[in-house]
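Protein chains: 2
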Amino acid sequence: MKEAMTDFPDNGPACPISPSRKDTIQLAHGGGGKMTRQLIDEIFRPAFENSELETDHDGAILEFDQGSLAMTTDSYVVQPIIFPGGDIGSLAVYGTANDLAMCGARPLYLSAGFILEEGLPMATLQTVVNSMKEAARQAEVRIVTGDTKVVPKGKGDGIFINTAGVGRREHSFTIHPESVRSGDVVLLSGDVGRHGMAVMAAREGLGFENPIKSDCAPVSRLALKLLDAGIELHCMRDLTRGGLATALVEIAETADLSIRVDEKAIPVQESVQGACEILGFDPLYVANEGCFVAFVSEGDADNALAIMRDDPLGRQAGAIGRVERSPRKSVILTTRIGSTRLLDLLSGEQLPRIC
Amino acid sequence: MKEAMTDFPDNGPACPISPSRKDTIQLAHGGGGKMTRQLIDEIFRPAFENSELETDHDGAILEFDQGSLAMTTDSYVVQPIIFPGGDIGSLAVYGTANDLAMCGARPLYLSAGFILEEGLPMATLQTVVNSMKEAARQAEVRIVTGDTKVVPKGKGDGIFINTAGVGRREHSFTIHPESVRSGDVVLLSGDVGRHGMAVMAAREGLGFENPIKSDCAPVSRLALKLLDAGIELHCMRDLTRGGLATALVEIAETADLSIRVDEKAIPVQESVQGACEILGFDPLYVANEGCFVAFVSEGDADNALAIMRDDPLGRQAGAIGRVERSPRKSVILTTRIGSTRLLDLLSGEQLPRIC
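From first to last, the protein sequence lines are chains A and B. Going letter by letter, the first sequence gives residues 133 to 487 in the working numbering. Going letter by letter, the second sequence gives residues 133 to 487 in the working numbering.
Structure (structure tokens):
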């Protein structure tokens, strides 16, 4: 945030001129990078601090009767609402089901809250709702309660959807960045960057020869297969806002360890690589919606990979790196040409409104 | 909806002119009246139909391990964000906690999803978040997981908040409109119309001599006291969008019974009554955020009333009517002057964006 602020004076509260950029919400506060982190650390965490609040992970694990319940939420504001490979409806169902699975929980129930803009074509809403129905079937979750609000034209943007999800934890592992250990192998379930570039290309009307399709999918299925097989998972994370790089940096920081990854082992579709080069993006930072990393001990890695590759959603799964003791809180990439590069959180908004 | 549509041709999908009002979302689809009902019946219910989906009640009761879990969600789009007696933050916490209690569940955990508009003053967000913290303390719920999205200026309206809530059902009653029986007494916890008129007056900048304060409060507390005392509750409903009249009509329709209520027994603050008269609203249809109805058998009514009146939030509680066999699916009001009036759902949007 510091960088972005250099040009702007810090106006104290007594100064009656228009607020500086530092005093207002910027697009980058929603980008999943440094400014999102800062917003969480400065505003949300101090207010909501409690033993269950989980700001370093995709959801919270909660006591419920004798059992253990996972809860998560995401709002979806993707633009365009419909894009190659999915739409805001499938995204809202898969995204939240995937987040539950990343906490090691079986997704059970979803709520759906709609904020519709006046004038939205009813046919668009119908398409999105049908897509949610099919996605819920695929992800084996039930949409059990909902709410609809309508805002005047110009006060929203077509459809925003919030889904919250409840799942059941059926094992005794603590799946969390803090459980990551030195020596763990980093598994990646598939190729990266497809969702972000599919949405970007659709939004900008870019006519690539082979249109890029979002990878939007219920990878919860894959994660549950690993759990059901008794793989001792230390941490899982789906690679949404901020992509693979951001997920790894956040995990390295929370785990207080180092992660070394090999760029050659990270699959990127040719069309995605091409679009990234044309548009100036780094595929490692581009969002996915059907792709995750899993941290497992070396002894479990081969078994876990075999399970992942056995599922169509995990065909390209591979080991991309390893956890080491030092340098702490850092992610080091060995590039295709053999040099090393330190990965960090992005300062600004890379791709706005991709989920 | 039929009435509102009479002037507009029904353009089939092949007709390439701009969509008619029937084919697009209107503000009234979010008003809690007939058009909201139609949207649910025509779009949401067919897609999400499953044994748990609950469209006639404030939340869903779900199996979880051996226990029984309640889940609910609401998005909040109130304008202005801060109003006399509360703000969008306290509303988002109390509203969802209250909905859980209306299902007969003890509120435990909330998720919070923020959709922020670029340029929102950070101080406003801080105020709202602090207010959520205090409201969570009052309602005895914990905010355990969250999400923040930012949309560009002009694509949102300051702050939208979604809260989803999870609660535990600790009793064996089926608290639902279908459990209402002929002979049940209708209890009302407090005076009606305050929240809607407080927001309306703030939005329109109306300078009433005594500014109306919203009744925004954790009435979940009151509902739980009734449950803890073993009162056999047949149905509860908080009187949000559409107010007391809409809640009663919906319950009468689902229960397939008649509800007779006495206008003289329904408390309305003098300032609220005055504002309603000036602005042309009927307080029976104006939203509340700290007020609910409870349906109990005659034998339990006095005991229930005593418990409610013993709590500051229920000081004005009273019996306002009774359930009868016929005429089915109808609500009959005995007015102050002794005549009778049939209450129905409103066709359009009465007060937009009051929650």
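Even for Gly, the Cβ is constructed at its ideal location relative to N, Cα and C.
Under the 10 Å beta carbon count, Ser346/A is surrounded by 16 or more other beta carbons and is classified as buried. Within the same chain, Cβ atoms closer than 7 Å to the Cβ of Asp476/A are found at Val381, the five residues on either side in sequence being excluded. DSSP places Gly431/A inside the alpha helix (DSSP H), whose first and last residues are Glu430 to Arg441. One alpha carbon belongs to Tyr241/B, the other to Val273/B, and they sit about 6 Å apart.
Asp316/B and Gln258/B have their C-alpha atoms spaced approximately 45 Å apart. The beta carbon of Ala433/A sits closer than 8 Å to those of Val317, Leu319 and Ala451, all from its chain and outside the five residues before and after it, given in chain order.
Annotation: Glu310/A has no Cβ neighbours in chain B at a cutoff of 7 Å; minimum Cβ distance is about 17 Å. Taking each of Val404/A, Arg335/A and Lys396/A in turn and checking the Cα distance to Cys487/A, the smallest one comes out for Arg335/A.
The beta carbons of Phe215/B and Ala377/B sit no closer together than 9 Å. Glu250/B is not a Cβ neighbour of Val209/B, given a cutoff of 9 Å.
From the beta-carbon of Gly374/A, no residue of chain B is found nearer than 8 Å; the closest lies around 13 Å away.
Under DSSP, Phe413/B takes part in no beta bridge, so it has no partner. When DSSP states are grouped into helix, strand and coil, Lys461/B belongs to the coil group.
One alpha carbon belongs to Ile464/A, the other to Ile391/A, and they sit about 6 Å apart. The three-state secondary structure of Leu232/B, taken from DSSP, is helix. Taking C-beta separations shorter than 6 Å and ignoring five residues to either side along the sequence, the partners of Asp206/B in its chain run Gly227 and Thr228, following chain order.
In the structure shown, Val209/A falls within a coil segment according to DSSP collapsed to helix, strand and coil.
Distance check between Val425/A and each of Ile157/A, Ala355/A and Ala387/A places Ala355/A closest, using alpha-carbon atoms only.
In terms of CA proximity to Glu266/B, Pro350/B leads the group Glu341/B, Gly337/B and Pro350/B. Residue environment analysis places Ala361/B among the exposed positions, since fewer than 16 neighbouring C-beta atoms fall within 10 angstroms of its C-beta.
Contact with chain B is found for His161/A, since one of that chain's Cβ atoms lies less than 9 Å from the residue's Cβ. Around the beta carbon of Gln198/A, fewer than 16 other beta carbons lie within 10 angstroms, which makes this residue exposed. Short of 8 Å from the beta carbon of Pro484/A, and not among the five residues preceding or following it, lie these beta carbons of its own chain, in chain order: Leu159, Gly162 and Gly163. Ala233/A sits close to Gly299/A, with the two beta carbons spaced by under 9 Å.
Taking C-beta separations shorter than 7 Å and ignoring five residues to either side along the sequence, the partners of Glu395/B in its chain run Leu465, Thr466, Thr467 and Arg468, following chain order.
Taking 8 Å as the upper bound on Cβ-Cβ separation, chain B lies near residues Leu240, Tyr241, Ser243, Ala244, Gly245, Phe246, Ile247, Leu248, Glu249, Glu250, Gly251, Leu252, Pro253, Met254, Ala255, Leu257, Gln258, Val261, Asn262 and Met264 of the segment 240 to 264 of chain A.
Along the segment 297 to 347 of chain B, the alpha helix (DSSP H) occurs as fully enclosed runs of 4 or more residues at 326 to 336, listed in sequence order. Interface residue (Cβ-Cβ distance to chain A less than 9 Å): Gly288/B is classified as such. Taking Ala271/B as the centre and dropping the five residues before and after it, the same chain places the C-beta of Val225, Tyr226, Ala229, Pro239, Pro350 and Ser352 closer than 7 Å to its C-beta, in chain order. Judged by DSSP in its simplified three-state form, Ser200/A adopts strand.
If you draw a straight line from the Cα of Ala436/B to the Cα of Asp279/A, it is about 30 Å long.
For the C-beta of Ala296/B, the chain A residues within less than 7 Å are, from N- to C-terminus, Thr205, Ser243 and Ala296. Leu416/B and Thr295/B have their C-alpha atoms spaced approximately 26 Å apart.
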